[in-house]
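At position 160 of the sequence shown the residue is numbered 457 (the working numbering), and the sequence of numbers has no breaks.
Glycine included, every Cβ here is placed at the ideal spot set by N, Cα and C.
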Amino acid sequence: MRPHVDQRQAQVLALVRARGSVRVADLAQELGVSPVTLRRDIEAMAARGEIHRMHGVITRVETGWPGGASAAGDLASVPVAASAGAEGLVIGMVVPTTEYYYADVVRGAREVVEARGARLTVGLTRYLPGEDRTQADRLLSTGADGLLLTPNWDAGSPGPGEGAWTAELPVPTVLVERWAPPGHPAAALDRVASDHAHGAATAVQHLVERGHRRIALASRATPTTPRLRAGYEAAVAALGLEPAPPWPPAGPGPLSDADLFARTLDYLCEAVTAGRVSAALIHSDTDAIMLIPRLQARGVRVPEDLAVITYDDEVAGLADVPLSAVAPAKREVGARAAGLLLDRLTTPDAGDGDSAGAGPRQHVELLPRLTIRS
C-alpha cells in the first residue's frame, strides 16, 4: 500500500534534507509513486516553503544554491523561490537569437519560468535596428505580464539618446546581458548580466601565472567587447604588464568579416614574430578555432609561441586541441533574470514606491568561470 500523503511528503522532506538535492524522476521511482502524484506533493511542499523547486530537481531550503550542476544541465543551478505563485503569468523575452550564446540564456529563463507555473514567449531581433522595440510591443500586445529584454545596443549599453523607451514600458522589465550608464533612464531598471570585465581579467591573470608578460586581446566589435577590453586593460595595468602593440588603423568605412579576420591574423603573426606578444585572449571560440591553423601555417606555433585562451566557451572544448576558455554563466543569467522578474510580478508592493514588489531594484553581475584544458 502506498503511504498516506502526509507520510509520503514527510519521506520526501527527509530525503531532500539528507541529500541536499534530489532529481524528481529518481525520487518517484524510489518512493514507488507516479511522477504526477509526486509533482502534486512537491507543489504543496514548495508552497509551504519546505523545499526549493526547479526544473526536474528539488533542493532543501537550507542549501540555497545547489552544487553539482553539470555542463549538460542535469541540475538547474539557480533555485526557484517556492513561495511565489506565478501560475498563469506570461513572460516575454526579447533576445537577438536563440542560437549560440543566447541558447543557454533562454534555456535558463525557460526552466525557471516553467517551474513556477508561468509561460515564456520569445521575440527575436537578429540585431536589426529598431526590432527590439517592435518585438517588445508585439509581446505586450499578446498579453505579456513582464519582459526580459536584451536591446540591440552595439556596445552593450545605450548610446546618447538611445534606449530611453525601455524605461517607459508599462510592465516590470529586466535587462539581460545589457547595461545602462548612471543617469540614463534605463539605469533604474533591474538587470542581470555577466561580468565580462572580470572574465577577461581572470584570463590575463592565469596567463601571467603561466609566465606570460606580453598578452594581447583579440576581439571583434560585439556588445561584449567594451567590457572585455575594460577588464583586460585593468588587469594589464594592475599586474604591471607590458602593453601589447597597438592595432594598425582600420581605415575608412566598415570592414567585412573576412577583412576583420585577416586583420586579426596579421596583427597576431606580426606581434608574435616581433617578440611583443606570447599569449592572447581571443573572443570568440569560433574565431580562435579558425585562427589557430592559419597562425600555424604562417609559422606561429600554438601554444609554444602563442598561448591562447578563448572567451565564451561554446565550442572551445571541441577544437582538435581543446582550448582553455572563459565561460560566462549564460544559463544562470537567464535563470536569475527570470526569477527576479517573477518576484516583481508576484511579491506584494512593500509600499516604498521604489518598485512593484520584491524590494529595491537590483543590478546583478555573475562572474564567468575559467576552464583550463590541456
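Checklist entry - Who does H660 pair with in a DSSP beta bridge? => result BP columns for H660 point to R488.
Item to check | Cβ neighbour criterion (16 or more within 10 Å) applied to T470 | outcome: buried
Next on the checklist: Using a 10 Å radius around the Cβ and a threshold of 16 neighbouring Cβ atoms, would you call H301 buried or exposed?
Outcome noted: exposed
Next on the checklist: With three or more C-beta pairs closer than 8 Å as the rule, is the region 519-538 touching the region 491-502?
Outcome noted: yes
Item to check | Of the listed residues I388, V468, T463 and V489, nearest to A483 (C-alpha basis) | outcome: T463
Item to check | I512 versus L504: straight-line alpha-carbon distance, rounded | outcome: 8 Å
Item to check | Nonlocal neighbours in the same chain, by C-beta distance under 6 Å from A616, ignoring five residues either side | outcome: I586
Checklist entry - How many Å lie between S621 and V333 at the Cα? => result 43 Å
Checklist entry - For the candidate residues H495, T521 and A433, whose alpha-carbon lies nearest to that of V533? => result Ranking H495, T521 and A433 by Cα distance to V533 puts H495 first.
Item to check | S438 (DSSP reduced to helix, strand or coil) | outcome: helix
Next on the checklist: Could you check whether G440 and V387 sit closer than 8 Å to each other, using their CB atoms as the reference points?
Outcome noted: Their beta carbons are under 8 Å apart, which means V387 touches G440 by this criterion.
Next on the checklist: Considering only DSSP beta bridges, list what H301 is partnered with.
Outcome noted: Answer by DSSP bridge pairing: none, since H301 is not bridged.
Checklist entry - Can you list, in chain order, the residues of its chain whose CB lies under 6 Å from that of A635, leaving out five sequence neighbours each side? => result A406, V409 and V410
Checklist entry - So what's V612 in DSSP terms, helix, strand or just coil? => result coil
Checklist entry - Taking C-alpha atoms, which residue in L565, S581 and D610 lies nearest to A594? => result L565
Checklist entry - Taking just the CA atoms, how far does V597 sit from R413? => result 52 Å
Checklist entry - Applying the criterion that 16 or more other CB atoms from any shown protein chain within 10 Å of the CB defines a buried residue, is D401 buried or exposed? => result buried
Item to check | Span of the alpha helix (DSSP H), counted from its first residue to its last, around A500 | outcome: H493 to E506
Checklist entry - In angstroms, rounded to a whole number, what distance separates the CA positions of L444 and A477? => result 16 Å
Checklist entry - Identify the residues that DSSP records as bridge partners of I388: which are they? => result L417 and G443
Next on the checklist: Give me, in chain order, the residues of the same chain whose beta-carbon lies closer than 8 Å to that of W450; leave out the 5 immediate sequence neighbours on both sides.
Outcome noted: G456, E459, G460, R475 and P520
Item to check | Same chain, Cβ closer than 7 Å to A452, neighbours up to 5 away in sequence not counted | outcome: P520 and P523
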